[in-house]
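Structure, as structure tokens:
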Amino acid sequence: MAGQSFWVRGLVLRKTKLGESDLIVELLNDEGCLVRAVAKGARKPKSSFASRLELGNSVELLCASGRGLAIVQECRLVSARMGLRQDYDRLVCTEVLLELLSKCAQEDLPQPKLLAVAEAALDALAAAPAAAALGLLAAAFLKVLAFVGLRPELRRCVVCGRPAAGATRFSDFEGGVVCAECGSRVEARFYPAEVLSAAAFLLHTPFAQIAEAPVASEAAREVLQMAASLAQMHLDFTLRSLRML
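According to the UniProt record's numbering, the sequence shown holds residues 1 to 245 in order.
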């Protein structure tokens with residue numbers, strides 16, 4: 001028997017098939033928590049849920065609590081972001097970001113700014129030129145890590161605190177760039193100075209400005225690798241979707 005009804009506003013992160021025609025939908029809600037609910041009949045051709053529950057859509061769900069997962073009773077589309085599905089690069093970048101959010105968010109741990117940064121990143125990704133996609137994804141990756149407590153230090157040596165302009169080493173363990181003097185005392189990986197400079201730009205710059213002045217694709221890829229390595233070290237996960245880039 002259905003229980004009390006409640007509204008959930010959030011971002012569709014993942015869908016899992018259930019039975020012959022149902023879906024389990026995973027959302028990032030406006031408190032930055034994961035919410036899972038069952039959308040009955042969502043895989044039927046004539047279901048009103050099908051197009052509204054696309055990955056990367058922002059929705060409002062009316063759910064009824066039950067013994068297990070909540071049941072979706074109504075779905076209102078807030079934003080479809082059709083541009084995310086216009087080309088392969090944007091589609092894959094979207095999958096990577098949604099997987100990252102699914103890994104970082106938790107059911108009972110509010111992270112209030114997480115939904116806002118996720119939706120801002122997806123809005124920018126949907127509207128920006130395809131050439132900016134990798135840079136926007138790298139920026140979103142760094143910003144999400146920062147909001148969940150893993151903000152990399154990219155402007156000062158993470159060991160001694162001195163300005164690190166021109167630094168070429170990054171320590172996953174310490175969580176930031178390392179100057180030449182401290183580089184011999186900690187384990188750190190080499191990156192070209194322009195890659196670490198690009199990482200600092202992407203972390204500290206709004207998405208709209210990044211879209212207008214996209215970083216080089218190769219630099220963005222290296223920033224993504226750096227962020228993924230940092231996440232693996234401290235949060236203990238890898239992203240399978242990164243292999244598609």
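Virtual Cβ for every residue (Gly too), placed ideally from N, Cα, C. Nothing here was measured: the structure is a model prediction, and the numbers come from that model.
Within the continuous alpha helix (DSSP H) that includes residue i, where are the two ends?
{"i": "Gln232", "result": "217-235"}
{"i": "Arg81", "result": "Segment: none, Arg81 is in no alpha helix (DSSP H) and carries neither H nor E."}
{"i": "Leu101", "result": "88-104"}
{"i": "Arg52", "result": "49-52"}
{"i": "Gln4", "result": "Where Gln4 is concerned, there is no enclosing alpha helix (DSSP H), given that its DSSP letter is neither H nor E."}
{"i": "Gln209", "result": "207-212"}
For residue i, list the residues DSSP reports as bridge partners.
{"i": "Thr16", "result": "Ile24"}
{"i": "Val38", "result": "Ile24, Ile71"}
{"i": "Leu242", "result": "Partner(s): none; Leu242 has no beta bridge."}
{"i": "Leu109", "result": "Gln106"}
{"i": "Gly10", "result": "Asn29, Val59"}
Within this structure, are the beta carbons of residue i and residue j separated by less than 8 Å?
{"i": "Leu84", "j": "Leu122", "result": "yes"}
{"i": "Leu137", "j": "Val96", "result": "yes"}
{"i": "Val223", "j": "Ala198", "result": "yes"}
{"i": "Phe207", "j": "Ala124", "result": "yes"}
{"i": "Glu26", "j": "Arg14", "result": "yes"}
{"i": "Phe147", "j": "Lys113", "result": "yes"}
{"i": "Val92", "j": "Val59", "result": "no"}
{"i": "Ile71", "j": "Ala37", "result": "yes"}
{"i": "Ala105", "j": "Leu203", "result": "no"}
{"i": "Ser217", "j": "Leu134", "result": "yes"}
{"i": "Met233", "j": "Phe170", "result": "no"}
{"i": "Ala167", "j": "Cys179", "result": "yes"}
{"i": "Glu99", "j": "Leu196", "result": "no"}
{"i": "Gln111", "j": "Gly32", "result": "yes"}
By how many angstroms is the C-alpha of residue j removed from the C-alpha of residue i?
{"i": "Phe237", "j": "Arg76", "result": "33 Å"}
{"i": "Leu101", "j": "Gly183", "result": "32 Å"}
{"i": "Phe201", "j": "Ser47", "result": "44 Å"}
{"i": "Gly56", "j": "Thr16", "result": "15 Å"}
{"i": "Val177", "j": "Arg151", "result": "12 Å"}
{"i": "Tyr88", "j": "Ala231", "result": "25 Å"}
{"i": "Ala131", "j": "Tyr191", "result": "22 Å"}
{"i": "Val159", "j": "Glu107", "result": "34 Å"}
{"i": "Met1", "j": "Leu62", "result": "Any reading at Met1 is ruled out, since the residue's pLDDT is 47, under 50, leaving its predicted position unreliable."}
{"i": "Leu18", "j": "Pro45", "result": "16 Å"}
{"i": "Glu212", "j": "Thr205", "result": "11 Å"}
{"i": "Gly161", "j": "Arg155", "result": "9 Å"}
{"i": "Ala164", "j": "Glu181", "result": "11 Å"}
{"i": "Val117", "j": "Arg67", "result": "33 Å"}
{"i": "Arg81", "j": "Gln4", "result": "31 Å"}
{"i": "Pro129", "j": "Ser79", "result": "19 Å"}
{"i": "Ala228", "j": "Arg185", "result": "23 Å"}
{"i": "Pro214", "j": "Leu245", "result": "17 Å"}
{"i": "Leu109", "j": "Leu23", "result": "24 Å"}
{"i": "Leu69", "j": "Ala39", "result": "10 Å"}
Provide the residue span of the beta strand (DSSP E) that contains residue i, from first to last.
{"i": "Glu60", "result": "58-64"}
{"i": "Ala42", "result": "Per DSSP, Ala42 belongs to no beta strand (DSSP E) and is neither H nor E."}
Counting contacts by CB-CB distance shorter than 8 Å, is residue i in contact with chain D?
{"i": "Asn57", "result": "Among the chains of the structure shown, chain D does not appear; only one protein chain is present."}
Report task. Would you mind listing the alpha helix (DSSP H) stretches within the stretch 128-200 that are 4+ residues and don't spill past its ends, in chain order? Result -> Whole alpha helix (DSSP H) segments, 4+ residues: 133-147.
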